[in-house]
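Below is one structure, written out as structure tokens; comments come after it.
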Amino acid sequence: MNESLIETEALTKVFTVKKTPVHAVTDVSFTAARGELVAFLGPNGAGKSTTLRMLTTLIPPTSGRAKVVGHDIRTDAAGVRARIGYVGQLTSGSFSQRVRDELLSQGAFYGLSRRDSVRRADELIESLDLASFATRSVQQLSGGQKRRLDIALGLMHAPPLIFLDEPSTGLDPQSRANLWEHILDLRTQHGTTVFLTTHYLEEADRYAERVMVMDKGRIIADDDAASLKATLAGDVLTFGFADAAEAVSARAVVARLTSAEVAVDDASISVAVQDGDRLLPVIVRELDAAGVVARRATGVPPTLDDVFLALTGRTLREAGEGADAAGEAPESSAPADTRTASENSTTGVLS
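Note that the numbering used here numbers the sequence shown so that position 139 is 1002, with each residue one more than the last.
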């Protein structure tokens, strides 16, 4: 069995805002094994960043327990911090320093010798493709370059586990793709366990081997993306007809073939099923046999947003908009007591 680098049991965080308790995270229990790439999904205000802040010892839990790389987050915060990397949502280090010097300073901060700092900085500059701007000051870097530097800073002390909080937010599509290439390389080149939050569902679907979904402070799903989609969502089959009357007739035919709800929209019908590739030609044949000719037939595989919809009755975008409408602050601007631990506000470095 793989070693667990994260173990939580009933982890809970309650803030007090204007004398009112706000349950940010409630009874979160899970384990994460060495070598996993785990994507933590949810809308703004779901509790993702608060969970990361507890696991990285930036804020204490209200109740519950957790061990990270074998060290208790309450009683051995220093042991946790020495063995993890953390990249927050804010951007890289000192604007006045050059990239390579920033890495060397980080190595010194973690107690590495000058020789080891130079060796480790050179390794990360190569593996994260920083060589072309290693002598530039941080203020000259693009957003994508800064995020790669952030990750390098988090890896200077060669931690077995790194936490990334919304690593690709604010980047253009090409920079996001490049960043993900480097994140994936962390496992193959460094053997690093990666635990990240993101609201880009397509990224988690494509890259993560495990997806955890959080809503309103609770984990509501935990599996690989394919299993979540197969179990909770389904392929959406859509059929178009000459007119609305034919669509109504087609609905009756399809309803005999599946227990799923068949929706009618003017001259088309749609149905979500678990085995779309197999059922689509069957439905077309049955429609033909009934004298109802489908002019159009398409099948669309489910997405993680469909999974979130199946779990909560709303899309991830709607959930995020609902949090904003309710006046919930984004997790990056949590109540003041989230800053009780010492955190470098520009690099996300733990101290």
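C-beta: ideal position from N, C-alpha, C; glycine also.
Secondary structure note for residue 1007: its alpha helix (DSSP H) is the uninterrupted segment 1006-1018. Check the Cα spacing between residue 902 and each of 970, 965, 1027, 981: the tightest is with 1027. Using a C-beta cut-off of 8 Å, the segment 1059-1079 makes no contact with the segment 1001-1019, since fewer than three inter-stretch Cβ pairs fall below that distance. With a beta-carbon spacing of about 6 Å, residue 1030 and residue 1059 fall inside the 8 Å limit used to define contacts. Around the beta carbon of residue 1037, a 10 Å sphere encloses fewer than 16 other beta carbons of the protein chains shown; the residue is thus reported as exposed.
The C-alpha of residue 1091 is placed about 8 Å away from the C-alpha of residue 1167.
For residue 927, the closest alpha carbon among the candidates 888, 947, 912 is that of 888. The beta strand (DSSP E) runs of length 3 or more contained entirely in the segment 981-1067 are, from start to end of the chain, 1024-1028, 1056-1061. A distance of 9 Å or more separates the beta carbons of residue 1153 and residue 1102. With respect to the C-alpha of residue 1111, the residue from 1131, 1095, 948 having the closest C-alpha is 1131. With contacts defined by Cβ atoms closer than 9 Å, residue 895 and residue 1056 form a contacting pair. Nearest to residue 996 by alpha-carbon distance, out of 1008, 882, 899, is 1008. Approximately 37 Å separates the beta-carbon atoms of residue 1095 and residue 1015; this is outside 8 Å, ruling out the contact. Annotation: the segment 930-971 contains the following complete segments of the beta strand (DSSP E) (minimum length 3 residues), in chain order: 947-950. Of the candidates 913, 866, 1124, 900, 913 places its Cα closest to the Cα of residue 886. With respect to the 9 Å criterion, residue 899 and residue 1072 are classified as neighbours on the basis of their beta carbons.
Fewer than three pairs of CB atoms, one per stretch, sit closer than 8 Å, so the segment 1114-1122 makes no contact with the segment 1071-1085.
In the DSSP annotation of this structure, the continuous segment of the alpha helix (DSSP H) that includes residue 1139 starts and ends at 1139-1152. Annotation: residue 981 to residue 990 spans about 14 Å, alpha carbon to alpha carbon. The three-state secondary structure of residue 893, taken from DSSP, is strand. In the structure shown, residue 902 falls within a strand segment according to DSSP collapsed to helix, strand and coil. Using a Cβ distance threshold of 9 Å, residue 1170 and residue 1076 count as a contacting pair. Residue range 1159-1163 is occupied by the beta strand (DSSP E) that includes residue 1159.
For residue 1100, there is no enclosing alpha helix (DSSP H); the enclosing beta strand (DSSP E) has its first and last residue at 1098-1103. When DSSP reads this structure, residue 876 sits in a beta bridge with 888. With fewer than 16 other beta carbons inside 10 angstroms of its own, residue 1144 counts as exposed.
For residue 946, same chain residues with a beta-carbon under 6 Å away, outside a window of 5 residues either side, are 932, 1022 in chain order.
The C-beta distance from residue 953 to residue 917 rounds to 18 Å, too long to meet the 8 Å contact threshold. Counting along the chain, residue 1169 sits inside no beta strand (DSSP E); it lies in the alpha helix (DSSP H) bounded by residues 1167-1175. DSSP places residue 1156 in no alpha helix (DSSP H); its state is neither H nor E. The continuous alpha helix (DSSP H) containing residue 916 extends over residues 911-918.
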